[in-house]
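*Asks:*
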Amino acid sequence: MQVAPGESAVAAVKATQVQNFSQDACQPTSVSGIDVYSPNTTEVVFLPYVSTGCGTDDPSITQLSVQPVVAE
Numbered sequence: 001m002q003v004a005p006g007e008s009a010v011a012a013v014k015a016t017q018v019q020n021f022s023q024d025a026c027q028p029t030s031v032s033g034i035d036v037y038s039p040n041t042t043e044v045v046f047l048p049y050v051s052t053g054c055g056t057d058d059p060s061i062t063q064l065s066v067q068p069v070v071a072e
């Protein structure tokens, strides 16, 4: 999706309350933000987002979900 100068786009992001998981399964850790990558690039944009996340790599623990980007 291309966004022309002066226009904008949005995407809904849902974050799970990691306190809903057991501490053993989640391994809670402080986070300072989210790295966002544009499709087909390695360029990253850091978005500040102070919160608590899970430090585990357990794929059954979903912490974030992102809806498709749409023009605003």
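Under UniProt numbering, the first residue of the sequence shown carries the number 1, and numbering increases by one thereafter. Even glycine gets a Cβ: it sits at the ideal position worked out from N, Cα and C. Given the structure is predicted, the values throughout are model-derived calculations rather than measurements.
How is the beta strand (DSSP E) around Asp35 delimited, first residue to last?
*Replies:* 28 to 37
*Asks:* Can you tell me which of the three DSSP states Val13 falls into?
*Replies:* strand
*Asks:* Distance, Cα to Cα, Val18 vs Ile34?
*Replies:* 15 Å
*Asks:* Is it buried or exposed for Gly55, if we count other Cβ within 10 angstroms and need 16 for buried?
*Replies:* By the 10 Å Cβ count, Gly55 comes out exposed.
*Asks:* Give me the DSSP bridge partner(s) of Val66.
*Replies:* Val13
*Asks:* Within its chain, find whatever has a CB closer than 7 Å to the CB of Asp58; leave out the 5 residues flanking it on each side and keep chain order.
*Replies:* Ala25
*Asks:* By DSSP, does Ala25 sit in helix, in strand, or in coil?
*Replies:* helix
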